[in-house]
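See below for the structure under consideration.
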Amino acid sequence: MSHALFVNLTEPTAESFPATSVSKYLIELIGKDVCAFRRNTQVSYRLVERARIIATGINNLIKRVDSEDDWDAYDKYTQAIEPLEDSLIPLTDIVEKERDQYLVTGKLESVDFCSAFIEAWATQRSDIRKRLEILRTKKEFATLLGDSLTATDEDIKDAYQHDDMNFLQELVRVVGTYTPRTHGIRPRAHNIILDVVKQIKSVQSQLIISYDKAQDASIVLSIQSAMVIYSAMELIKNTKLDAEWLAHARSEAIWKAAQSLLVDLNAHLAKGTPQLVDVQTKYDEFLRLLRGSMAVDLPANFVQLMKHTGRIGRSYHAQALYIVTLCRELVKHFEKATNKTAQNLEPLKSTIDETIKALEAARQKDVALTKFDLESFDASVTSVAFNTARDEIKDCFDKYGMSNEWSTHSAELEKAIAKDKARMKQVNDGLVKAIVAVPQEAARISVGVKVLKEGKTLHTLNYGLRSETRLSAIQWAASKETYPDKTSGKSILANSHFEKDGKTLSMDLDLKSVVSAGAKCELSLVIDSSRSVGSPASSVSSGSPTSSTSSISSSSSGSS
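The numbering used here puts the first residue of the sequence shown at 19, with every later residue one more than the last.
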């Protein structure tokens, strides 16, 4: 790291004050990482420089306030301190990730590692540029500094172009040094690779010409294409990788796909056709082929896993959910292109078969809540089936190279079993006693409600309710049924009351206080005409009332 560069980027050019101490620390922390960058350099230098200029501006205004009693300066600097800190804090993580990165991932172990590395480059490039734009354009900073210390758009564009083209130039250089014969490339692919190198150089030339006019997405895809081809070349050098994959990666088919991608990319940059989306499809197809994707389908019974859990009694509920989760995790691993092989299919199929057997054993035909036999639970036929499924799942994790994850999953599975047992014990100890039979219709009170306003009947409603139901519950049900609009319904609740035989009733009364057992109760819900209430849900023509027999008696009884 150049000490001079670090000082130039981070050293304040004015006296620092405690109010900016956090920003000063963050600028130094970020600047230290940025000075070590090998890509996205010019944009990052401007970002740190801009942050330092803002911090200096704040310090200058603090000093002015000390000497001039300037409230305008006070307002400007106090409004900028926290936004500057908020802008810098996320950058510490961004620059730490970017610090040691360059052309290709250090983990040259799989196509997935390379693909993730390439996507991370695009994300970090975008994040750094977005952070610079915030520091350039955020109102608090622009007000603080004015236009005199703001980098021009042209300067920023130059920084963008410098970073992109220098990075691409280095990729083109290393790709150009690749020698197919040295790394076991099949003879028929030699000339294709030579043309791939030629096409990458052409992409570079096209971008030099059209950078200012090109869409940013086109620039990104151009660099990503060079990165993925360079990554493929480096992966092929790693003789420790699977021999079958290496033979596949050295084949003519792979490099024809790379060639086709670059031909279309060049045409897109030069003429605008094919469209970017079509070039992106070619890029994705090259990645798919490079991974060695095979046309192997998931076991047909995989979807059956979701169809069992709703019919499983509480004894095995949590355990069933967790083993289904484990099966889904195995499927997720299998569906990665490099894992989708016939060899990996068999253990997955066996695992799902055994899991479905366990779920079928746990299906409960009778949904009535009963006492649970906790003593014989572990030795039951169903528990044995779950143990078999568990063993099969563990074997599949081992075969997929996921053994390190199993200890965590095993512990979680034990927690699920304990959770089921605890709930069963809770039911045995108390919940069964609390189950109360639902009253028969004969035990309910027939209630008729007329909704009145200014002496006119707007609605007639009928309910079958339990004797404990409060009038406030009936008012709520009637307002929901006749005035579903929330505003009108709220107004009804606030501006209506019940009457019976000309007397106003308290909303706190229950039905058994209003009517004798077995008798029918007739109530009037009177809307206060002095208050404005919205139109009812059903229009009333010529003053004729609407009548309905409510289907909400069960919910009303639930409210009681």
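Ideal Cβ placement from N, Cα and C applies to all residues, glycine included.
Owing to the predicted nature of the structure, the values given are computational and were not obtained by experimental measurement.
{"Item": "Alpha-carbon spacing of I227 relative to G419, whole angstroms", "Value": "48 Å"}
{"Item": "Through-space distance from R68 to L47, alpha-carbon basis", "Value": "15 Å"}
{"Item": "Residue environment, E33, which counts as buried when at least 16 other CB atoms sit within 10 Å", "Value": "exposed"}
{"Item": "F159 beta carbon less than 9 Å from that of L225", "Value": "no"}
{"Item": "Own chain, CB closer than 6 Å to N362, minus 5 neighbours either side, in chain order", "Value": "F352"}
{"Item": "The segment 283-292 touching the segment 230-242, judged by at least three CB pairs closer than 8 Å", "Value": "yes"}
{"Item": "Proximal residues to V215 (C-beta, below 8 Å), its chain only, five neighbours per side dropped", "Value": "V193, G194, Y196"}
{"Item": "For Y481, three-class secondary structure by DSSP", "Value": "strand"}
{"Item": "Beta-bridge partners of R381, as assigned by DSSP", "Value": "I330"}
{"Item": "Backbone secondary structure at P457 - three-state DSSP", "Value": "Because P457 sits at a pLDDT of 48, beneath the cut-off of 50, its placement in the model cannot be relied upon, and the following sentence gives the value as read from the coordinates. DSSP places P457 in coil when its eight states are reduced to three."}
{"Item": "Distance between beta carbons of F131 and T141, contact taken as under 8 Å", "Value": "With a Cβ gap of about 16 Å, T141 and F131 do not count as contacting."}
{"Item": "Burial state of S524 (16 or more Cβ within 10 Å)", "Value": "exposed"}
{"Item": "Environment of K358 [buried if 16+ CB atoms lie within 10 Å]", "Value": "buried"}
{"Item": "S220 versus L259 - alpha carbon distance", "Value": "31 Å"}
{"Item": "Inter-residue Cα distance where the pair is N446 and V469", "Value": "47 Å"}
{"Item": "Per-residue burial, R143 [other beta carbons within 10 Å of its own, 16 or more giving buried]", "Value": "buried"}
{"Item": "Start and end residues, alpha helix (DSSP H) containing H515", "Value": "Counting along the chain, H515 falls outside any alpha helix (DSSP H), though it belongs to the beta strand (DSSP E) covering 514-518."}
{"Item": "Spatial distance of R154 from K50 (CA atoms)", "Value": "21 Å"}
{"Item": "Whole-angstrom distance between A407 and I570, CA atom to CA atom", "Value": "Confidence at I570 is low in this model, with a pLDDT of 41, below 50, so the placement of that residue should be treated as unreliable; the coordinate-derived value is given next. Using only the alpha carbons, I get a separation of about 45 Å."}
{"Item": "Selected residue, minimal CA-CA separation from D302, among L316, L280, F320", "Value": "L280"}
{"Item": "Neighbourhood of A267 by C-beta distance below 6 Å, restricted to the same chain and skipping five residues each side", "Value": "I254"}
{"Item": "Classification of L308 by the beta-carbon crowding that lies within 10 angstroms, buried from 16 upward", "Value": "buried"}
{"Item": "Selected residue, minimal CA-CA separation from A276, among M245, P292, T257", "Value": "M245"}
{"Item": "Beta carbon of A380 nearer than 9 Å to that of F395", "Value": "no"}
{"Item": "I76 beta carbon less than 9 Å from that of Y63", "Value": "no"}
{"Item": "Expected contact under 8 Å - CB spacing of N58 and D234 to nearest Å", "Value": "About 14 Å separates the two Cβ atoms, so there is no contact after all."}
{"Item": "Span separating the alpha-carbon of A37 from that of R56", "Value": "33 Å"}
{"Item": "Q119 beta carbon less than 9 Å from that of A138", "Value": "yes"}
{"Item": "Distance between T369 and L212 (C-alpha atoms, nearest Å)", "Value": "47 Å"}
{"Item": "C-alpha distance - Y617 paired with S490, whole-angstrom precision", "Value": "Nothing about residue 617 can be reported from this structure: the residues present for the chain run from 19 to 578 only."}
{"Item": "Enclosing alpha helix (DSSP H) for V445 [first to last residue]", "Value": "No alpha helix (DSSP H) holds V445; DSSP gives it neither H nor E."}
{"Item": "Sequence ranges, alpha helix (DSSP H) only - wholly within the segment 180-234, length at least 4", "Value": "205-228"}
{"Item": "Every unbroken alpha helix (DSSP H) inside the segment 35-122 [4 residues or more]", "Value": "39-52, 59-86, 89-116"}
{"Item": "Three-state secondary structure assigned by DSSP to S553", "Value": "Summary for S553: the model assigns pLDDT 45, below 50, so the residue's position carries little reliability; its value from the coordinates is reported in the next sentence. S553 falls in the coil class under three-state DSSP."}
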